[in-house]
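Residue numbers (our numbering), protein chains in the order written: chain Y, 4 to 202; chain D, 23 to 240. All C-beta atoms in this analysis are idealised placements derived from N, C-alpha and C, irrespective of residue type, glycine included. Being a predicted model, the structure only gives us computed values, none of them experimental.
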Amino acid sequence: MAEIPDGTRGDPQELAGRRTDEWSECLVLIAANQDRAAFTRFFRHFAPLIKAFALAGSSLSASLADELVQEVMLKVWQKAGGFNPEKAAASTWVYTIARNCRTDMFRRLQKFDTPLAEEDVFPDQESEEPFALLQGKRSEERVRELMKTLPGDQMQILAKVYMEGKSHAEAAAELDLPLGTVKSRVRLAIQKLQIQIDR
Amino acid sequence: MAKFHPELDLLTEHAAGNLPLAQAACVSVHLNYCEQCRRASAQLQSLGATLFEGLPGEPVGDTLLNMVLARLDDAPPLSYASSAGWSAGRTPAILQRLMSGDFTDLVWKKITSTLRISYLKTGDPNYEFALYHIKAGGRIPEHTHRGPEMTLVLEGGFSDADGSYHQGDFLLRQPGDVHAPTAVQSEDCICLAVLDAPLKFTGMPYRWMNPFLQLQPG
């Protein structure tokens, strides 16, 4: 298992180094200079993931999947200025845009007449304290590392829920498992990822 | 600070974007008031992001890239000078959008001498999304739920046999749960209720009203 940063070690420079990956840099360039070359690099990396996300669970046709790729990438262009590399990885930021656009697309297809967009359900958070940002970023890295340790049966259910957009009940029906088993696997996975639900 | 929170599985389905719109909006209003659930939700979203990164990519041709590049000029970058966001304390932005005004601007339907209801339109065809206004010290007649009910306290507070609830508190009632909430004495209570089946009054003086409590989704 990879070593998890424990929050006490690491000099500022190392922390800064961890925060600037290639994709965050692309977003910063897009925001600062409307840099089309950076946008093209970003597109080549993320468009195939967005398309795979659109097709997961065979929920959308290939042409709608292409439409989703376009919508998401245009949002990336427009919203790059709102990306904060101190807060989250570029891939997390793109994922939330893709999830929101996919949900909005589902609702359009079902002819929902709603004043709400999924962005209203998940508003951008106001700028937080540097310490809270650092903590958020660390727990994101921890989740990413610990995901590698999850057993297959837990990953399978998380993929159904997150990528295929299935409810716990739908995942249970598809995998022919009792709902309680699905819920407890999700719960176990989240415990292993040390996602803090302090109650 | 909120003391009653959505369960982990509900937060997970919310973070994954899988909840029906009306329920998602209700959980979102709770997040507005609750920092610890916001933190948990951020981590649950980074879980989704990790799965997303690991997807086997589907080939995307240059035609699509060129189409997007050609449209960039029509999509000018947004300015982030004043970002709307989680607005602790204020009326949550998502509710402001649904109310297009303040609580006082809404149309309220009188149910009893202490209870008024205002139905908001979310566009979700299966769920009613309503604000309940209970006068200080007022009691909602004892009722049961025919489907799950989410409740979220926006102003004031109320109590029932199981506890007392204040701003930001989130409750999920299951079908068959019977209760008779009473607003706190000191101020009026406004809460949000999300239902997929109408309430059913169980007490004698109010039972005649049941046929009139039609679900008002949309």
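Below 8 Å on the Cβ atoms is my contact criterion, and I expect D/L142 with D/L153 to pass it. Report the Cβ-Cβ distance as a whole number of Å. Counted from its first residue, the second sequence places residue 142 of chain D at position 120. Counted from its first residue, the second sequence places residue 153 of chain D at position 131. Contact holds; Cβ gap of about 7 Å.
For the stretch 62-77 of chain Y against the stretch 88-96 of chain Y, are there 3 or more C-beta pairs whose distance is under 8 Å? no
What did DSSP end up calling D/A183 once you bin it into helix, strand or coil? Taking the second sequence and counting its residues from 1, one reaches residue 183 of chain D at position 161. It is coil, neither helix nor strand.
Are the beta-carbon atoms belonging to D/A47 and Y/V124 less than 9 Å from one another? Numbered from 1 along the second sequence, position 25 holds the residue referred to as residue 47 of chain D. Numbered from 1 along the first sequence, position 121 holds the residue referred to as residue 124 of chain Y. Cβ distance < 9 Å, so D/A47 and Y/V124 count as in contact.
Coarse secondary structure for D/S135, derived from DSSP in three states: Walking along the second sequence from the start, residue 135 of chain D turns up at place 113. DSSP places D/S135 in coil when its eight states are reduced to three.
Nearest to D/A190 (by Cα), restricted to the options D/N54, D/V206, D/K131 and D/G83: Counting from 1 along the second sequence, the entry for residue 190 of chain D is found at position 168. Inspection of the sequence shows that residue 190 of chain D is occupied by Gly rather than by Ala. For the residues D/N54, D/V206, D/K131 and D/G83, the minimum Cα distance to D/G190 belongs to D/N54.
Give me, in chain order, the residues of the same chain whose beta-carbon lies closer than 8 Å to that of D/L237; leave out the 5 immediate sequence neighbours on both sides. For the purposes of this step, residue 237 of chain D is identified with residue 215 of the second sequence, where counting begins at 1. Taking C-beta separations shorter than 8 Å and ignoring five residues to either side along the sequence, the partners of D/L237 in its chain run E150, L217, D218, A219 and P220, following chain order.
At a Cβ cut of 7 Å, what residues of the stretch 108-139 of chain D count as close to chain Y, listed as they run along the chain? W108, A115, I116, R119 and L120
Since Y/L119 contacts D/R119 with CB under 8 Å, what's their CB separation in whole angstroms? Locating residue 119 of chain Y in the first sequence gives position 116, counting from the first residue. Locating residue 119 of chain D in the second sequence gives position 97, counting from the first residue. Correct: roughly 7 Å between the Cβ atoms.
In terms of alpha-carbon separation, which member of D/S68, D/A183, D/S122 and D/H188 lies closest to Y/E148? Here residue 148 of chain Y refers to the residue found at position 145 when the first sequence is read from its first residue. It is D/S68.
Look at the alpha carbon of Y/H171 and the alpha carbon of Y/D24, and state the distance between them as a whole number of angstroms. Here residue 171 of chain Y refers to the residue found at position 168 of the first sequence. Here residue 24 of chain Y refers to the residue found at position 21 of the first sequence. Taking the straight line from one Cα to the other gives about 34 Å.
Is it the case that the stretch 194-201 of chain Y contacts the stretch 142-162 of chain Y, given that we only count it when at least three CB pairs across the two stretches are under 8 Å? yes
To be precise: take each residue of the stretch 203-216 of chain D, compare its Cβ to all Cβ atoms of chain Y, and keep it if any distance is under 7 Å. Which residues remain? none
What does the Cβ neighbour count give for D/E171, buried or exposed, with the cut at 16 atoms within 10 Å? For the purposes of this step, residue 171 of chain D is identified with residue 149 of the second sequence, where counting begins at 1. Under this definition D/E171 is a buried residue.
Verify the CB distance criterion: does D/P233 have a CB-CB separation below 9 Å to chain Y? As a first step, residue 233 of chain D is located in the second sequence; it is residue number 211 there, counting from the start. No, its Cβ sits nowhere closer than 9 Å to a Cβ of chain Y.
Burial state of Y/L112, where buried means 16 or more other Cβ atoms lie within 10 Å: What you label residue 112 of chain Y is simply residue 109 of the first sequence in a count that begins at 1. It counts as exposed.
Could you compute how far the alpha carbon of Y/Q199 sits from the alpha carbon of Y/L32? Here the question's residue 199 of chain Y lines up with position 196 in the first sequence. Here the question's residue 32 of chain Y lines up with position 29 in the first sequence. Taking the straight line joining both Cα atoms gives about 34 Å.
Using a Cβ cut-off of 9 Å (strictly closer), state whether Y/N88 contacts chain D. Locating residue 88 of chain Y in the first sequence gives position 85, counting from the first residue. It is worth fixing the name first, because residue 88 of chain Y is Pro in this sequence and not Asn. Y/P88 does not count as touching chain D.
Buried or exposed: where does Y/V189 fall if 16 or more other Cβ atoms within 10 Å of its Cβ makes it buried? Taking the first residue of the first sequence as position 1, residue 189 of chain Y is located at position 186. By the neighbour-count rule (16 or more Cβ atoms within 10 Å), Y/V189 is buried.
Just the chain Y side, please: which residues come within less than 8 Å of D/E2 by C-beta, in chain order? Since the first and last residues shown for chain D are 23 and 240, residue 2 of chain D lies out of range.
Can you tell which of D/T144, D/Y228 and D/Q58 has its C-alpha closest to the C-alpha of Y/D116? Taking the first residue of the first sequence as position 1, residue 116 of chain Y is located at position 113. Closest by alpha carbon: D/T144.
If the criterion is Cβ atoms closer than 9 Å, does the pair D/H165 and D/F74 meet it? Within the second sequence, numbered from 1, the residue matching residue 165 of chain D stands at position 143. Within the second sequence, numbered from 1, the residue matching residue 74 of chain D stands at position 52. For D/H165 and D/F74, no; Cβs fall outside 9 Å.
In terms of residue numbering, what span does the alpha helix (DSSP H) encompassing D/R195 cover? The residue you call residue 195 of chain D lines up with position 173 of the second sequence. It is not in any alpha helix (DSSP H) - D/R195 instead sits in the beta strand (DSSP E) that spans F192 to R195.
Using the rule of at least 16 other Cβ atoms within 10 Å of the residue's Cβ for burial, across every protein chain shown, is D/T72 buried or exposed? Indexing the second sequence from 1 puts residue 72 of chain D at position 50. With 16 or more other Cβ atoms within 10 Å, it is buried.
Is the CB of D/H27 under 9 Å away from at least one CB in chain B? Reference to chain B is not applicable here, since the protein chains of this structure are Y and D.
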